[in-house]
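Remarks on the structure that follows.
Numbering (my numbering), first residue to last: 540 to 1030.
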């Protein structure tokens, strides 16, 4: 039986939950708010991780690892930072268990209280800057360009797999520089790396821009973001890069002797993306039949399903398929031959559609006679009969075409769902009835931003880099504004 999904149009949230479960991406764990990422879901994350890791190393970064536990006192050193994360922290207070004297299992040993509580990292700025203090004495020690792949904990009360969980996987880059300009260049460089990855690998078009002061990362002077639009018209923040100025260097007294021999505080950045990108990948492209994966991130790019009745027919098909597989692998294409005789071809077709495999080949005795193969595309759900001659090159070209088609479809959707408005009434009508991205003039004040959020639930996603300056007036207050901000309902 095919695994039925709730229709997107009927209940988008349930469709998403169904798809995560039935495509074997993840499941809820025994720990409230945490998830188990299943092998197929983790295989997609591994491909994301590999590409991002390559991009980081190409831009001069190296990987390191820092402790999971952070002394509570570290968070007290940067006021904005602790305020931003205080309500999300998991705290370790004891270091030992003991048998319950009443015989009811184990209990916390009250005599094993830590002298100082430890925070399970929600992010690593504090522990890393405490460490960098020991690494940096002179301008010759700079820049430091570290990234770490890790897990973090933010104690979320309302969770949804991949999008918002109490524990999640991510990478966090933390760099140290001798000058403000170097740090600003790094901050911009990394948001461009994220934008490149989102568009060229995930096939998700994004808008790059600066966060409003109210939406900045806790402790940052500037936060740059990539914002993606999901098929339900909501925005998803998909990656951020932060210019931290000298805030953390001052908090942890990280100074260096510059070329003139004078002491100065180090300039800092941090940047990260998480398994939230899995949620973006699902919601940006998938349909009522299941996942639609861009070929560059699909664990299986091509699946071959034999169609036969007798064992000798399977032997003939397998002989031909072995040649196809060798040619595809020589081109770097990942391929699976599913000759499992416990499932019928129809079940397999539905299963690989559900899992988003970009290309499916069906081959039977008649195809062997004719020198042909049936090719099914996941993105358009169309089929064609192709010659086996040069099938490897045909599929290589087809995968490139599918990658581009998925991106262009998402980009066209975003264009249709982006609206410029000039009045607050227009703004409220679009947010309520259409959704998507809304470009509107804003007076730059936190008060107006909060009022809009309270009245419409829409937030400023960013002030886009590529929107030109344009004289206008704020849709709420009528005060002057020289650039439109990007608003949306968001995850």
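Note that CB positions come from ideal geometry on N, CA and C, so glycine has one too. Just so it is clear, the structure is predicted and the values come from calculations on it, not from any experiment.
Near residue i, which residues of its chain fall below 6 Å by C-beta distance, leaving aside the five closest residues on each side in sequence?
i           : result
residue 649 : none
residue 779 : 762 and 764
residue 652 : 633
residue 739 : none
Whole angstroms is fine: what's the gap from residue i's alpha carbon to residue j's?
i            : j            : result
residue 927  : residue 580  : 32 Å
residue 619  : residue 757  : 5 Å
residue 540  : residue 916  : Reliability of the predicted coordinates at residue 540 is poor, the pLDDT of 45 falling under 50, and no value is obtained from them.
residue 898  : residue 855  : 22 Å
residue 981  : residue 965  : 14 Å
residue 1019 : residue 979  : 12 Å
residue 1032 : residue 967  : Nothing about residue 1032 can be reported from this structure: the residues present for the chain run from 540 to 1030 only.
residue 771  : residue 731  : 26 Å
residue 937  : residue 962  : 46 Å
residue 564  : residue 557  : 10 Å
residue 792  : residue 974  : 46 Å
residue 750  : residue 735  : 19 Å
residue 543  : residue 699  : 20 Å
residue 894  : residue 584  : 14 Å
residue 658  : residue 636  : 19 Å
residue 630  : residue 1015 : 42 Å
residue 737  : residue 821  : 13 Å
residue 591  : residue 807  : 21 Å
residue 701  : residue 1000 : 20 Å
residue 908  : residue 593  : 44 Å
residue 940  : residue 918  : 10 Å
residue 611  : residue 689  : 20 Å
residue 870  : residue 654  : 58 Å
residue 707  : residue 912  : 42 Å
According to DSSP, what are the bridge partners of residue i?
i           : result
residue 567 : 574
residue 902 : 845
residue 653 : Looking at the DSSP assignment, residue 653 forms no beta bridge with any residue, so it has no partner.
residue 808 : 714 and 782
residue 648 : Paired residues: none, contrary to the question.
residue 960 : Paired residue(s): none; residue 960 is not in a bridge.
If you count every other CB in all the chains shown that lies within 10 Å of the CB of residue i, and 16 or more means buried, which is it?
i           : result
residue 642 : exposed
residue 885 : exposed
residue 683 : buried
residue 555 : buried
residue 951 : exposed
residue 609 : buried
residue 606 : exposed
residue 548 : exposed
residue 802 : exposed
residue 848 : exposed
residue 741 : buried
residue 810 : buried
residue 596 : exposed
Is residue i helix, strand or coil by DSSP?
i            : result
residue 612  : helix
residue 687  : strand
residue 1007 : coil
residue 540  : With a pLDDT of only 45 at residue 540, under the threshold of 50, the placement of this residue in the model should not be trusted; the figure read from the coordinates follows. Three-state result, residue 540: coil.
residue 1032 : Any property of residue 1032 remains undetermined from this structure, which presents the chain solely from 540 to 1030.
residue 792  : coil
residue 840  : coil
residue 580  : helix
residue 776  : strand
residue 980  : strand
residue 1030 : coil
residue 552  : helix
residue 618  : helix
residue 739  : helix
residue 827  : coil
residue 559  : helix
residue 1017 : coil
residue 987  : helix
Is any beta-carbon of chain C found at less than 9 Å from that of residue i?
i           : result
residue 948 : The chain inventory of the structure shown lacks chain C, comprising one protein chain alone.
How about residue i: is its Cβ closer than 8 Å to a heavy atom in the ligand MN?
i           : result
residue 725 : As presented, the structure is devoid of all ligands, the ligand MN included, so that no description of it is given.
I'd like the list of long-range same chain contacts for residue i, defined as Cβ closer than 7 Å, with 5 residues on each side in sequence excluded.
i            : result
residue 587  : 816 and 836
residue 1013 : 980, 981, 982, 987 and 1020
residue 852  : 904
residue 728  : 598
residue 667  : 605 and 713
Whose C-beta lies closer than 8 Å to the C-beta of residue i among residues of the same chain, with five residues either side of it excluded?
i           : result
residue 678 : 717, 795, 796, 797 and 798
residue 910 : 926, 927 and 928
residue 857 : 845, 876 and 878
residue 755 : 761, 762 and 781
residue 888 : 844, 899, 901 and 915
residue 672 : 791, 792 and 793
residue 582 : 838
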